[in-house]
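Structure record follows, encoded as structure tokens.
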Amino acid sequence: MPRGLELLIAQTILQGFDAQYGRFLEVTSGAQQRFEQADWHAVQQAMKSRIHLYDHHVGLVVEQLRCITDGKSTDADFLLRVKEHYTRLLPDYPRFEIAESFFNSVYCRLFDHRSLTPERLFIFSSQPERRFRTIPRPLAKDLFPDHGWEPLLMRILSDLPLRLPWQNKSRDIRYIIAHLTETLGEDALPRCHVQVANELFYRNKAAWLVGKLTTPDGTLPFLLPIHRTDEGELFVDTCLTTTAEASIVFGFARSYFMVYAPLPAALVEWLREILPGKTTAELYMAIGCQKHAKTESYREYLCYLAESDEKFIEAPGIRGMVMLVFTLPGFDRVFKIIKDKFAPQKEMSAAHVRACYQLVKEHDRVGRMADTQEFENFVLDKRQIDPALMALLRQEVPEKITDLGEHIVIRHLYIERRMVPLNIWLEQVEGQQLRDAIEEYGNAIRQLAAANIFPGDMLFKNFGVTRHGRVVFYDYDEICYMTEVNFRDIPPARYPEDELASEPWYSVSPGDVFPEEFRHWLCADPRIGPLFEEMHADLFRADYWRALQTRIKEGHVEDVYAYRRRQRFSVRYGAISSTANSS
49 MPRGLELLIA
59 QTILQGFDAQ
69 YGRFLEVTSG
79 AQQRFEQADW
89 HAVQQAMKSR
99 IHLYDHHVGL
109 VVEQLRCITD
119 GKSTDADFLL
129 RVKEHYTRLL
139 PDYPRFEIAE
149 SFFNSVYCRL
159 FDHRSLTPER
169 LFIFSSQPER
179 RFRTIPRPLA
189 KDLFPDHGWE
199 PLLMRILSDL
209 PLRLPWQNKS
219 RDIRYIIAHL
229 TETLGEDALP
239 RCHVQVANEL
249 FYRNKAAWLV
259 GKLTTPDGTL
269 PFLLPIHRTD
279 EGELFVDTCL
289 TTTAEASIVF
299 GFARSYFMVY
309 APLPAALVEW
319 LREILPGKTT
329 AELYMAIGCQ
339 KHAKTESYRE
349 YLCYLAESDE
359 KFIEAPGIRG
369 MVMLVFTLPG
379 FDRVFKIIKD
389 KFAPQKEMSA
399 AHVRACYQLV
409 KEHDRVGRMA
419 DTQEFENFVL
429 DKRQIDPALM
439 ALLRQEVPEK
449 ITDLGEHIVI
459 RHLYIERRMV
469 PLNIWLEQVE
479 GQQLRDAIEE
489 YGNAIRQLAA
499 ANIFPGDMLF
509 KNFGVTRHGR
519 VVFYDYDEIC
529 YMTEVNFRDI
539 PPARYPEDEL
549 ASEPWYSVSP
559 GDVFPEEFRH
569 WLCADPRIGP
579 LFEEMHADLF
589 RADYWRALQT
599 RIKEGHVEDV
609 YAYRRRQRFS
619 VRYGAISSTA
629 NSS
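This is the structure:
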């Protein structure tokens with residue numbers, strides 16, 4: 049290869065990343081207009097297109113590099129020099145951390161995920177001590193209630209960039225003050241102040257004001273979800289001020305925020321104080337930098353592995369018919385491999401399963417579907433694999449693993465947040481916890497359906513319970529759009545013998561679903577059946593599902609709240625608008 053080509057390649061990769069992130073910011077910057085115009089279908093499309101940007105630009109750079117090198121093979125020393133030149137370009141680069149991930153992605157695409165070593169890739173950052181302690185443009189502004197909280201909140205709401213009128217700004221301010229007084233106490237409130245992010249965080253049908261509330265006892269989140277009525281008037285729907293509430297808002301089961309972040313590392317550092325339970329990977333994921341979140345997630349995994357003597361084991365719960373799932377006992381994630389052969393009743397291909405996981409990645413997850421990260425050629429040390437799991441891997445996924453002696457390479461897997469399987473949770477709880485879990489399960493089904501997602505297999509084992517007690521769906525091989533399903537009532541039996549027969553007395557076509565049948569497996573437990581009938585009996589009626597389909601086909605986009613209905617100001621303090629819930 050000619051001398052100097054290494055620098056050209058390094059510059060080409062960085063320029064490709066510049067182009068990608070420029071488009072990322074461009075799509076993000078349109079969030080305000082989409083919100084103001086209530087163009088909810090454009091919101092969904094922008095979310096999908098922004099996710100695709102990264103891989104698209106990686107592909108463009110790979111094609112450029114193949115032209116530059118004229119398809120000639122490159123030796124190891126040449127590749128090391130390319131990385132060395134690339135590293136030298138990063139010290140003054142504002143998005144160095146994601147630029148490193150982009151380099152990794154280009155390398156993996158060029159070399160088909162082979163030879164993934166720290167020498168060739170940024171397995172760990174080249175600038176581990178670099179943090180944005182001082183930044184060129186402040187991310188937030190501090191505001192003090194020198195003249196009371198009412199004028200302070202009036203200023204905050206009036207200074208927002210939104211160009212729509214307020215429905216009743218004074219009322220919303222009273223509600224916010226009422227909440228703060230209830231939460232902090234009347235005596236403490238005058239001694240508090242807020243720091244408010246300069247950029248709004250857009251997701252679904254809300255614009256979130258994100259801030260920090262400094263109290264005499266410490267710093268709390270200060271989150272205001274701003275909605276619009278059908279008439280185009282703004283209102284604040286609630287105020288959230290606990291780290292648990294903030295954690296749910298920024299949760300792994302939700303779509304990524306659209307927030308303008310030219311310096312993503314700085315925003316992540318700023319958010320960390322109000323989201324102390326979130327890892328770096330989760331914070332990058334929340335602001336839409338999902339590919340770099342994958343890098344950070346892998347780093348977190350490596351750090352855990354280095355400090356642990358645990359062995360990989362099969363994940364607890366009922367063994368799946370499509371996926372082999374394993375974990376480390378103390379790690380908060382699971383590893384999922386598509387089996388080489390499925391159970392006979394699972395008439396699908398591995399390609400179909402991967403398409404289902406991609407659908408979830410791109411769709412609005414409404415807080416009810418776990419996000420996943422996809423890896424290829426994942427290396428495990430055999431010494432860290434429990435013998436029972438090793439035997440299971442050889443039995444269920446021999447075509448997916450390569451034996452390298454001391455290590456195995458798994459050709460393809462997903463990493464997902466670990467949860468307690470709902471069926472196990474239901475066996476362990478009683479009383480109010482049991483009631484809450486059944487309520488959560490039904491709400492999860494409803495919210496998924498309203499978002500045009502039918503889970504397919506609704507058994508409790510396919511759902512998990514998070515540390516906040518939320519029920520989240522995580523088994524995607526039978527997932528489909530609501531509009532693809534034919535919800536039917538079971539026809540009346542022709543004769544008494546029909547109901548005793550092993551085969552149905554009515555025809556069943558592909559895509560047919562009979563909601564009445566849900567009762568058989570969801571209500572079999574005598575502790576659960578009465579609760580389900582009390583709270584979710586309508587899920588057993590085909591007309592309920594058909595009505596949802598009609599709304600979806602008519603273009604309705606339902607409201608999605610990252611908090612309980614009882615927390616809404618309209619419920620706590622009075623009606624806000626008769627049209628605030630319609631879409």
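So for the sequence shown, our numbering puts the first residue at 49; every next one is plus one. Each residue gets a CB set at the ideal place from its N, CA and C atoms; glycine is no exception.
Simplified DSSP assignment, three categories, for ARG613:
Residue state, collapsed to three classes: helix.
CB-CB under 7 Å to LEU232, same chain, minus the five flanking residues each way: which ones, in chain order? In the same chain as LEU232, and ignoring 5 residues on each side of it, the C-beta atoms closer than 7 Å to its own belong to CYS240, THR263, in chain order.
Over what stretch of residues does the alpha helix (DSSP H) that includes THR598 continue unbroken?
-> Here the alpha helix (DSSP H) through THR598 covers 590 to 601.
Whole alpha helix (DSSP H) runs in the stretch 368 to 428 with 4 or more residues, listed along the chain?
Counting only runs of 4 or more, we get 398 to 410.
Practice problem: For GLU14, I'd like the list of residues in its chain whose CB is within less than 7 Å of its CB, leaving aside the five on either flank, ordered along the chain. | Solution: Nothing about residue 14 can be reported from this structure: the residues present for the chain run from 49 to 631 only.
With distances taken between CB atoms, is the gap from LEU191 to LEU200 smaller than 7 Å?
-> Between LEU191 and LEU200, the C-beta spacing is below 7 Å.
*By how many angstroms is the C-alpha of ARG276 removed from the C-alpha of ILE335?*
One C-alpha to the other measures close to 22 Å.
Under the three-state DSSP convention, the category ASN510 falls into: DSSP places ASN510 in helix when its eight states are reduced to three.
Practice task
Check each candidate in ARG168, PRO139, TYR155 and name the one with the smallest Cα separation from ARG129.
Solution key: Taking only the C-alpha atoms, the option nearest ARG129 is ARG168.
Taking 7 Å as the cut-off, decide whether the C-beta atoms of GLU526 and ASP505 are in contact. Yes. Within cutoff.
Nearest neighbour of GLN80, chosen from PRO139, ASP265, TYR308, LEU158 [CA to CA]
It is TYR308 whose Cα lies nearest to the Cα of GLN80.
field: LEU271 - DSSP class collapsed to helix/strand/coil
entry: In the structure shown, LEU271 sits in a strand (DSSP, three-state: E or B).
Among the candidates MET371, LYS359, VAL370, whose CA atom is the shortest distance from the CA of GLY378? For the options MET371, LYS359, VAL370, the alpha carbon positioned closest to that of GLY378 is the one of LYS359.
**Prompt:** Between the Cα of LYS217 and the Cα atoms of VAL284, ASN252, LEU272, PRO193, which residue gives the shortest distance?
**Reply:** For LYS217, the nearest C-alpha among the options comes from VAL284.
### C-alpha distance - ARG143 paired with VAL110, whole-angstrom precision
Rounded to the nearest angstrom, the two C-alpha atoms are 20 Å apart.
For the beta strand (DSSP E) that contains ASP451, what are its first and last residues?
Looking at the DSSP string, the run of the beta strand (DSSP E) that includes ASP451 is 449 to 451.
task = Say whether the stretch 83 to 97 touches the stretch 134 to 153, bearing in mind that this needs 3 or more beta-carbon pairs closer than 8 Å, one atom from each stretch.
result = With a cut-off of 8 Å, the stretch 134 to 153 and the stretch 83 to 97 do not count as touching, because too few Cβ pairs lie within range.
If you follow the alpha helix (DSSP H) that ILE225 is part of, which residue opens it and which one closes it? 217 to 232 is the span of the alpha helix (DSSP H), which, as asked, contains ILE225.
field: Contacting residues, own chain, Cβ-Cβ under 6 Å from ILE538 (five flanking each side not counted)
entry: Once the five neighbours on either side are set aside, the close Cβ partners of ILE538 are PHE562, GLU564.
Identify whether HIS241 lies in helix, strand or coil by the three-state DSSP scheme.
DSSP places HIS241 in the strand class (E or B) of the three-state scheme.
- Specify whether the stretch 409 to 429 and the stretch 327 to 345 touch according to this definition: at least 3 beta carbon pairs, one from each stretch, less than 8 Å apart. The stretch 409 to 429 is in contact with the stretch 327 to 345.
Item to check | Where THR290 falls, given that 16 or more other Cβ within 10 Å makes a residue buried | outcome: When all chains shown are included, THR290 counts as exposed.
Self-check item: C-alpha distance - GLY479 paired with PRO574, whole-angstrom precision
Solution: Their Cα atoms are separated by approximately 13 Å.
Q. DSSP on THR328, reduced to helix/strand/coil?
A. In the structure shown, THR328 sits in a helix (DSSP, three-state: H, G or I).
Handout entry: Contact check, TYR250 vs PHE72, beta carbons under 7 Å
Key = Contact flag unset, no.
Out of ALA610, TRP593, PHE151, PHE270, which one is the CA nearest neighbour of ASP66? Proximity to ASP66 across ALA610, TRP593, PHE151, PHE270 peaks at PHE151, based on C-alpha coordinates.
Per-residue DSSP class, three states only, for ASN491: The answer is helix: DSSP assigns ASN491 an H, G or I state.
Which same chain residues end up closer than 8 Å to PHE390 when comparing Cβ atoms and leaving out the 5 residues on each side of it in sequence?
For PHE390, where only same-chain residues beyond five positions count, the Cβ hits under 8 Å are MET369, VAL370, MET396.
What would DSSP say about LYS189, mapped onto helix, strand or coil? Strand at LYS189.
Answer yes if the stretch 286 to 300 comes into contact with the stretch 319 to 335, meaning at least three C-beta pairs across the two stretches below 8 Å, and no otherwise. Touching, yes, given that three or more Cβ pairs across the two stretches are closer than 8 Å.
_Using 7 Å as the threshold, is the C-beta distance between VAL44 and ASN491 below it?_
With the chain represented from 49 up to 631, any question about residue 44 goes unanswered, as that position is not in the structure.
I'd like the ranges of any alpha helix (DSSP H) spanning at least 4 consecutive residues and lying wholly in the stretch 515 to 578. Fully enclosed alpha helix (DSSP H) runs of no fewer than 4 residues occupy 566 to 570 of the stretch 515 to 578, in order along the chain.
Beta-bridge partners of GLY336, as assigned by DSSP: As far as DSSP is concerned, GLY336 takes part in no beta bridge.
Cβ neighbours of GLN432 in the same chain (closer than 7 Å, five flanking residues each side left out):
LYS359, PHE360, listed in sequence order.
Best match in ARG442, ARG620, ALA124, LYS430 for proximity to LEU372 [C-alpha to C-alpha]: For the residues ARG442, ARG620, ALA124, LYS430, the minimum Cα distance to LEU372 belongs to ARG442.
Inset, instruction - Alpha carbon to alpha carbon, how far is GLY517 from VAL477? Give it in angstroms, no decimals. - result: If I take the Cα positions, the gap works out to 12 Å.
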